[in-house]
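Read in order, the letters of the sequence shown correspond to residues 161 to 243 in this note's numbering. Report on the structure given below.
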Amino acid sequence: MIGLLRDRAQAGDGHPIVTICNELTEVTRAALIDGIVDMAIAHPLERIAGGLVEAMIRSIGRPPPDTPVQVMLPFELYTPENL
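If you want it as structure tokens, here you go:
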């Protein structure tokens, strides 16, 4: 991904490609601030892990449900404007 960000930075303003990165890291945060990346989609790992642990605790000692349980995974959208 760093190569893509380097190439995008060298392309200059007015580049017609919209760039969306996954996860907010030091590199993608800097690229957002510099206007190289348009958006980052991040998954809050602590919330996901906490939800998993809660679901496992709730399921102990219970019979399995008749239908599969669906869980929506949270995500956060970051743009240069909301950093």
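All C-beta atoms in this analysis are idealised placements derived from N, C-alpha and C, irrespective of residue type, glycine included. Since we're looking at a predicted model, the values are computed, not measured.
### Query
Where DSSP assigns a beta bridge to I180, which residues make up the other side?
Bridge partners of I180 according to DSSP: M199.
### Query
By Cβ distance, which residues of its chain are closer than 8 Å to I162, with the 5 residues on each side in sequence left out?
V187
### Contact the segment 199–208 vs the segment 220–229: 3+ CB pairs below 8 Å
As far as the Cβ criterion goes, the segment 199–208 does not touch the segment 220–229, which means the pair count is below three.
### Cβ neighbour criterion (16 or more within 10 Å) applied to A190
exposed
### Message
Quick check on L237: does DSSP put it in helix, strand or coil?
### Response
strand
### Message
So for L243, helix, strand or coil by DSSP?
### Response
It is coil, neither helix nor strand.
### Query
Are the beta-carbon atoms belonging to E236 and I196 less than 9 Å from one another?
no
### Task
Please report the Cβ distance between L243 and H203, rounded to the nearest whole angstrom; I am assuming they are in contact, meaning their Cβ atoms lie under 8 Å.
L243 to H203, Cβ: 17 Å. No contact.
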